[in-house]
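For reference, the structure discussed in these notes is given below.
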Amino acid sequence: FAIFIANFFFFTEGPVEITPLILIFTLIEFAMTTIIFLLVHDNNHSKGSVDNASGVAILIELAKLIKVNPFENYDVIFLWSGAEEWGLKGSKGFCKEHRDYLSKKYDLNRSFNINIDMVGSYIGLETKRSLLLRGRKALFDLNKRIEESAEELNIPLTVSDKIFGSKADHKSFRSFAKKTKSSFQVAYFHSEKDSKFIHSSKDTPDKCDPGNLNGCLEICYNTIKSIDSMNFSSKEIR
Numbered sequence: 209f210a211i212f213i214a215n216f217f218f219f220t221e222g223p224v225e226i227t228p229l230i231l232i233f234t235l236i237e238f239a240m241t242t243i244i245f246l247l248v249h250d251n252n253h254s255k256g257s258v259d260n261a262s263g264v265a266i267l268i269e270l271a272k273l274i275k276v277n278p279f280e281n282y283d284v285i286f287l288w289s290g291a292e293e294w295g296l297k298g299s300k301g302f303c304k305e306h307r308d309y310l311s312k313k314y315d316l317n318r319s320f321n322i323n324i325d326m327v328g329s330y331i332g333l334e335t336k337r338s339l340l341l342r343g344r345k346a347l348f349d350l351n352k353r354i355e356e357s358a359e360e361l362n363i364p365l366t367v368s369d370k371i372f373g374s375k376a377d378h379k380s381f382r383s384f385a386k387k388t389k390s391s392f393q394v395a396y397f398h399s400e401k402d403s404k405f406i407h408s409s410k411d412t413p414d415k416c417d418p419g420n421l422n423g424c425l426e427i428c429y430n431t432i433k434s435i436d437s438m439n440f441s442s443k444e445i446r
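The sequence shown maps to residues 209 to 446 in the numbering used here.
What follows is the structure in structure tokens.
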């Protein structure tokens, strides 16, 4: 829409001899905009509460909490990626574009990703450790730390071990670990039983229990804090 307005202004104010060309470009762009709208339009009437306003809300609150109570040894990067249903293009693009930078700036063997995909009627942690990472000794077990934090905080956490796992953005970061040949770890919060509500008119705010959202927030912060306080031998802790 912005391109159309800009070109329309140029068309009305531009020299006479270029008017036909600008008009053609304008009409083409308008047609393309219409086509794109038709392609992405979704009539499932989903409110997008569980998938994935729940994850977005937790990340926003976690960012606010960390701003007030920062960590000493870890940098925290918040990422909201799009196009998950289009082949994880958002997270894949981030990992590909920033792979070299992240590899040079941080110790990936001590770094990790926490993907908060869906938190609805319960807090679910989907665990799966790849065969590739089993041969690399990590300095800590991220999923175990999350489970310990939940137990310490007395917050119910449902842990499920999946052979293949769900297709979500955490897979891009597992691939990132493989490509960087590091013991970079990934944790994945996903309330699988709530999948029956998503992408439909049933995905409404009442499906997201506020207590579970706050609980997941507390678990994540406490987990990162516990890892941040570990006495690593290296001064470079990321």
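Just so it is clear, CB atoms sit at the ideal spot from N, CA and C, and this is done for glycine as well. In this text, all values refer to a predicted model and were calculated from it rather than measured experimentally.
*Is the distance from the Cβ of ALA376 to the Cβ of ASP325 below 9 Å?*
yes
*asked:* Just to confirm the assignment, what range does the beta strand (DSSP E) spanning LEU333 have?
replied: 332–335
*Straight-line CA distance for HIS378 to THR412?*
24 Å
_Residue-chain proximity (ASP325, chain D), Cβ-Cβ < 9 Å_ = Chain labels in this structure do not include chain D; a single protein chain is all it has.
*Alpha carbon of TYR282 to alpha carbon of TYR330, nearest angstrom*: 29 Å
*Can you tell which of GLU280, PHE384, PHE348, ILE432 has the C-alpha that lies nearest to the C-alpha of GLU305?*
PHE384
*asked:* Please state whether the Cβ-Cβ distance between GLY263 and PHE405 is less than 9 Å.
replied: no
_Judging by CA-CA distance, which residue of LYS297, ILE274, PHE286, PRO278 is the nearest neighbour of SER380?_
LYS297
*Does the Cβ-Cβ distance between ASP417 and ASP259 come in under 9 Å?*
no
*Could you round the C-beta distance between ILE167 and LEU361 to whole angstroms and report it? I think they count as a contact, below 8 Å.*
The structure shown has nothing for residue 167, since the chain only spans 209 to 446.
*Nearest to LYS272 (by Cα), restricted to the options SER434, TYR429, ASP436*: TYR429
*Rounded separation between VAL320 and VAL394 - CA only*: Position check: residue 320 holds Phe in this sequence, whereas Val was assumed. Rounded to whole angstroms, PHE320 to VAL394 spans 6 Å at the Cα level.
*Measure the beta-carbon distance from ARG307 to LYS387 and round it to whole angstroms, keeping in mind my assumption that it falls under 8 Å.*
7 Å
*Can you tell me which of SER408, LYS300, ALA346, VAL276 puts its alpha carbon nearest to the alpha carbon of ASN502?*
The structure shown does not extend to residue 502, since the chain is modelled only from 209 through 446, so no value can be given for it.
*Just grab the DSSP bridge partners of HIS398 for me.*
MET326
*Alpha carbon to alpha carbon, how far is CYS303 from GLY332? Give it in angstroms, no decimals.*
25 Å
*Cβ-Cβ distance between SER257 and GLY301 below 9 Å*: no
*Do LYS336 and LYS312 have their C-beta atoms closer together than 9 Å?*
no
*Which residues does DSSP pair with THR366 in a beta bridge?*
GLY332
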